[in-house]
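Numbering of the sequence shown is given in our numbering, commencing with residue 24 and proceeding in unit increments.
For glycine and all other residues, C-beta sits at the position ideal for the given N, C-alpha and C.
Below is one structure; the comments refer to it alone.
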Amino acid sequence: MRLAERHGTPLYVYDAATIRAAYRAYQQAFRPYRPVRTSYAVKACALIGVAAVIAGLGADASAASIGEVLAARRAGFPAERIQLHGNAKTDEELRAALRAGVGRIVVDGADEIAALARLVRRRSDPQRVWLRVSPGISSDTHEHMRTGALDSKFGAPLATGDALAQARAIIATPGLRLVGVHAHLGTELHEADRYRELADMLVAFARELRPLGARVSEIGLGGGLKVPIRAEDHVLSLREYADAVGPAVRAAGDLRATIYLEPGRSVVGRSGVALYRVVGTKRVPGVRTFVSVDGGMGDNIRPALYGAAYTALIADRATAPPEEEVAIAGSYCESGDVLIRSVALPTPRRGEVLAVPGSGAYAVAMASNYNHHVRPAVALIDGGRARIVRKRETHADIWRLERR
Ligand SMILES: Cc1ncc(COP(=O)(O)O)c(C=O)c1O
24 MRLAERHGTP
34 LYVYDAATIR
44 AAYRAYQQAF
54 RPYRPVRTSY
64 AVKACALIGV
74 AAVIAGLGAD
84 ASAASIGEVL
94 AARRAGFPAE
104 RIQLHGNAKT
114 DEELRAALRA
124 GVGRIVVDGA
134 DEIAALARLV
144 RRRSDPQRVW
154 LRVSPGISSD
164 THEHMRTGAL
174 DSKFGAPLAT
184 GDALAQARAI
194 IATPGLRLVG
204 VHAHLGTELH
214 EADRYRELAD
224 MLVAFARELR
234 PLGARVSEIG
244 LGGGLKVPIR
254 AEDHVLSLRE
264 YADAVGPAVR
274 AAGDLRATIY
284 LEPGRSVVGR
294 SGVALYRVVG
304 TKRVPGVRTF
314 VSVDGGMGDN
324 IRPALYGAAY
334 TALIADRATA
344 PPEEEVAIAG
354 SYCESGDVLI
364 RSVALPTPRR
374 GEVLAVPGSG
384 AYAVAMASNY
394 NHHVRPAVAL
404 IDGGRARIVR
414 KRETHADIWR
424 LERR
């Protein structure tokens with residue numbers, strides 16, 4: 024409440040202790056299956072101040088663009104502990120990644136192998152790469168959050184032989200060294216069986232590459248773990264997740280592989296809360312009551328884009344009994360800009376602060392200036408003190424790059 028007073032709203036507030044606990048929970052759950060590297064998926068929240076908390080714990084970083092590589096470097100991740108992903112890496116991006124000395128380039132496509140081959144042909148020290156494959160595993164999540172199915176823009180399909188052909192091409196390329204195989208099933212996942220299948224398939228593929236001369240010793244299992252945002256959310260525990268993927272990799276003793284995990288949401292998702300001001304209420308008797316707030320799809324597009332579900336509470340009356348079911352409507356000029364379809368709350372009043380917990384992942388990261396709203400300020404609480412890690416944008420910031 025005081026933070027909203029001081030810094031205005033919409034305001035995102037991250038808690039460093041929650042981030043650290045989430046990261047350490049991964050260490051704990053995967054202890055029986057070491058060696059394991061946890062590579063924070065920067066795309067979930069690439070803010071330097073937030074990512075620096077995770078870099079400070081000795082994590083790796085998984086970047087989806089050269090911009091995220093640069094952000095990860097600024098946050099303190101060493102270049103050699105950064106993996107660069109992307110299904111459409113340009114020559115400029117590949118050149119910049121090689122120049123930056125990223126630890127692993129996660130190759131995704133035959134064209135990329137050819138482009139890389141040209142860029143590394145004079146290198147004495149080969150660039151270490153992983154090959155991203157498509158396992159053809161379809162998970163129970165929103166279509167736009169599914170990445171492991173055959174009908175996906177990501178990865179070389181195992182089933183069609185493309186993955187093997189691309190592995191052969193990498194192995195035959197001087198200046199490249201294939202050290203890992205990777206796949207990511209999607210996000211907001213909760214099925215242990217899908218993860219188990221994935222681990223089995225990647226281990227089998229890594230073994231298949233041995234006779235071709237590739238010593239694959241890194242198994243990249245992607246990320247994707249769903250986190251509980253509402254009481255009714257069904258999720259996989261970290262223990263269940265570890266026990267689904269760990270044994271398959273450890274059973275392949277000959278590989279002596281390091282497991283790479285790429286959590287994003289499950290590291291930062293629950294550490295962030297969005298604070299909004301209630302602006303007004305509109306009642307449509309027998310239909311719906313809309314409570315409008317001073318934010319919405321421009322700072323959290325996930326409800327509009329994926330139908331993502333959140334809950335809310337009135338910051339100053341968090342324990343007051345609910346009085347009615349309401350929808351939380353954003354202030355953007357879009358009917359789809361409804362942050363929460365239905366939540367039971369004490370009747371909100373204009374000016375009150377509404378808190379939406381579990382907003383730490385893929386909200387601020389996907390923020391926009393739609394309707395020329397400015398992007399929100401972000402605070403980080405650490406050691407009992409709050410500090411701003413990103414200032415609220417101003418309209419001058421938006422127009423800085425524009426000319427009449
Ligand atoms: C390649 C890759 N790894 C990891 C992640 C992180 O996923 P999540 O935030 O669901 O853990 C993503 C996100 O979709 C991804 O595309």
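C356 sits exposed, since fewer than 16 C-beta atoms from the chains shown fall within 10 Å of its C-beta. Remark: the shortest separation between the CB of S85 and any heavy atom of ligand 1 falls under 8 Å. Residues of the same chain with a CB within less than 6 Å of the CB of E285, apart from the 5 flanking positions on each side, are S62, A64, S85, G245, G246 in chain order. Cβ atoms of S315 and S354 come within 8 Å of each other, at about 6 Å.
In this structure, V301 sits near E375, with a CB-CB distance shorter than 9 Å. Buried is the label assigned to T334, since at least 16 other Cβ atoms lie within 10 Å of its Cβ. Our two residues, E347 and R306, have alpha carbons roughly 11 Å apart in a direct line.
L199 is positioned such that its CB atom lies no closer than 9 Å to that of V125.
Between the region 150-168 and the region 199-211, the count of C-beta pairs closer than 8 Å reaches three or more; the two stretches touch.
Secondary structure in the region 61-91: the beta strand (DSSP E) runs of 3 residues or longer, each lying completely within the stretch, are 83-86 in chain order. Under the 10 Å beta carbon count, A254 is surrounded by fewer than 16 other beta carbons and is classified as exposed.
For H418, the enclosing alpha helix (DSSP H) covers residues 418-422. Uninterrupted beta strand (DSSP E) stretches at least 3 residues long and entirely within the region 286-331 occur at 295-307, 311-316, given in chain order.
In summary, D131 is buried, with 16 or more beta-carbon neighbours lying within 10 Å of its beta-carbon over all protein chains present. Just so you know, the alpha carbons of A352 and H108 end up roughly 35 Å apart. Between the alpha carbons of R191 and L235 lies a gap of roughly 7 Å. In the DSSP annotation of this structure, the continuous segment of the alpha helix (DSSP H) that includes H30 starts and ends at 25-30. Rounded to the nearest angstrom, the Cβ distance from E116 to I89 is 5 Å, consistent with a contact under 8 Å.
A192: member of the alpha helix (DSSP H) spanning 185-194, first to last residue. Remark: the shortest separation between the CB of Y385 and any heavy atom of ligand 1 falls under 8 Å.
The continuous beta strand (DSSP E) containing L154 extends over residues 150-157.
For P380, there is no enclosing alpha helix (DSSP H); the residue is found in the beta strand (DSSP E) stretching over 376-380.
For a cut-off of 8 Å, the C-beta gap from V272 to I282 is around 5 Å, short enough to register as a contact. In this model, I128 and T370 are separated by some 52 Å (Cα to Cα). Only residues of its own chain outside the window of five on either side were considered, and among them T61, I77, L80, A82, V290 have a CB closer than 7 Å to the CB of Y46, listed in chain order.
Going by beta carbons, L201 and E231 fall outside the 9 Å limit. The Cβ-Cβ distance between G287 and R398 does not fall below 9 Å. Proximity of the beta carbon of A343 to ligand 1 is not indicated: no heavy atom of the ligand is located closer than 8 Å. Distances from the CB of K176 to the heavy atoms of ligand 1 are all 8 Å or more.
Cβ-Cβ separation between H213 and L328: approximately 19 Å, too far for a contact (criterion under 8 Å).
A contact is defined here as three or more CB-CB pairs under 8 Å, and the region 337-345 fails this definition with respect to the region 258-278. Listed in chain order, the non-local C-beta contacts of R145 below 7 Å within the same chain number zero, local neighbours out to five positions each way being set aside. Cα atoms of I404 and I363: separation of roughly 26 Å, rounded to the nearest angstrom.
Remark: C-beta atoms of A123 and L154 do not approach each other more closely than 9 Å. Here A87 is near K66, since their CB atoms are less than 9 Å apart. Ranked by Cα distance from D174, the options S157, D185, G184, Q189 are led by S157.
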